[in-house]
Amino acid sequence: MLFEHEVEKYDIRLRAIASENHSIDILPKIGSNVVLGKLDDSDYIVIAYDEITSYRITVGSTVLKLSADGFLIQKGKETLKAIFSDFVDQVLKVYAPKDVAGLMTIKQRLNDLLE
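Reading the sequence shown from the start, the letters are residues 13 to 127 in our numbering.
Structural data, given as structure tokens:
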């Protein structure tokens with residue numbers, strides 16, 4: 013990041029708390045304008061964003077992320093996208109519906125929405 017007087021600063025906080033397990037992260041787009049707050053002589057935090065790449069909320073092992081790629085809903089290693097995909101695959105195996113193409117269209121729509 014460049015300061016007003018062209019000094020590069022790389023170690024700037026994106027969140028106030030250093031915990032990895034409980035946080036709300038807002039990731040600014042690279043090259044976008046941000047407003048920094050000075051915490052002490054060498055510690056800064058981003059407090060406003062011009063453009064945002066993603067939002068991420070983490071509580072323990074549960075994550076909710078929103079980006080241009082879609083939504084990620086995850087608990088531990090399990091994701092909502094994987095559950096829906098497995099569900100459609102099981103329906104196709106067990107039920108063998110007449111409209112396989114329709115189910116595959118739904119699966120693709122879910123894949124486009126979810127990360």
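For every residue, glycine included, the Cβ atom is placed at its ideal position computed from N, Cα and C.
Quick check: the Cα distance between residue i and residue j, rounded to an integer number of angstroms?
i           : j           : result
residue 35  : residue 27  : 8 Å
residue 37  : residue 50  : 18 Å
residue 85  : residue 97  : 14 Å
residue 94  : residue 119 : 10 Å
residue 117 : residue 107 : 17 Å
residue 101 : residue 112 : 10 Å
residue 77  : residue 90  : 14 Å
residue 72  : residue 125 : 24 Å
residue 42  : residue 29  : 22 Å
residue 121 : residue 52  : 48 Å
residue 110 : residue 99  : 17 Å
Could you check whether residue j and residue i sit closer than 9 Å to each other, using their CB atoms as the reference points?
i           : j          : result
residue 132 : residue 82 : Only positions 13 to 127 of the chain appear in the structure, and residue 132 is not among them; the question remains open.
residue 47  : residue 60 : yes
residue 67  : residue 79 : yes
residue 44  : residue 62 : yes
residue 33  : residue 70 : yes
For residue i, write down the residues that DSSP places opposite it in a beta bridge.
i           : result
residue 61  : 46
residue 86  : 75, 91
residue 66  : 39, 79
residue 126 : 83
So residue i packs on residue j, CB below 8 Å; how close in whole Å?
i           : j           : result
residue 64  : residue 40  : 6 Å
residue 104 : residue 115 : 6 Å
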